[in-house]
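Here's the structure, in structure tokens; my notes come after.
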Amino acid sequence: MKNSFQLYLRLALGIGFILPVMDRLGMLGLPGEPNVGWGNWSNFVDYTNSLMPYLSRTVANVLGGIASVAEVVFGIQLIIGYKTKYAAIGSGFLTLTFALSMLFFAGYRSPFNYSVFVCSAAAFLLSAIENYKWSLDDKLNN
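47 is the number that UniProt numbering gives to position 47 of the sequence shown; each next residue is one higher, with no gaps.
Below, the structure is given as structure tokens:
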């Protein structure tokens, strides 16, 4: 059973990283459409800047880009199970950074409403697993 659970967690976290990036690139629909959070990069940068009001919009844009690249890389790694432990640790710190920024600049309920602390904790827990069945790591180690 635990092998199924780690796979479920890897997929949930991985897809949970990739879909928001697709949203901010406009791949899931236009701003204001159902199930679209940002709909374009500009709306995403506005939100990112609201979580880092001490930075200029230009710096928020760069950091948003770096975070987006990290989300895609970690997402793919988690889905295919490649360097899973490191991807999980990176994911844990990335989402913890999001959660703390949301906590301080969007209100205490925001990171809990979006379960960002849960994602961070889940990623750290995933990093503690010894062996990732049904993963590229498992195939490369056998």
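Ideal Cβ placement from N, Cα and C applies to all residues, glycine included.
Which residue comes first and which comes last in the alpha helix (DSSP H) that contains residue i?
i	result
TYR86	84-105
ALA121	116-127
SER110	110-113
SER135	No alpha helix (DSSP H) contains SER135, which DSSP labels as neither H nor E.
GLY65	57-80
Below 7 Å CB to CB, which residues in the same chain sit around residue i once its five sequence neighbours on both sides are set aside?
i	result
THR95	VAL116, CYS119, SER120, ALA123
ASN61	VAL45
Is the distance from the Cβ of residue i to the Cβ of residue j below 7 Å?
i	j	result
VAL36	SER68	no
GLY29	ASN40	no
ARG57	TRP38	no
LYS83	GLN77	yes
GLY64	THR48	yes
TYR132	GLY90	no
Since residue i and residue j are thought to touch, with beta carbons under 8 Å apart, how far apart are those beta carbons, to the nearest angstrom?
i	j	result
LEU136	LEU13	Incorrect: roughly 16 Å between the Cβ atoms, too far for contact.
LEU51	ALA99	The pair is not a contact, with the Cβ atoms about 10 Å apart (cut-off 8 Å).
In chain order, what residues of the same chain lie with their CB nearer than 8 Å to the CB of residue i, ignoring the 5 residues before and after it?
i	result
ILE15	GLY75, ILE79
PHE114	According to the sequence provided, residue 114 is Tyr. The question's Phe does not apply to it. MET102.
VAL59	MET52
LEU11	LEU78, ILE79
Tell me which residues share the same chain as residue i and place their Cβ nearer than 6 Å to its Cβ, disregarding the 5 neighbours each side in the sequence.
i	result
ALA88	ALA123, LEU126, SER127
residue 180	What is shown of the chain runs 1 to 142, which leaves residue 180 out entirely.
Can you find a CB in chain B that lies within less than 7 Å of the CB of residue i?
i	result
THR84	Of the protein chains in this structure there is only one, and it is not chain B.
Worksheet entry | Segments assigned alpha helix (DSSP H), at least 4 residues, entirely inside the region 1-55 | 2-24, 41-51
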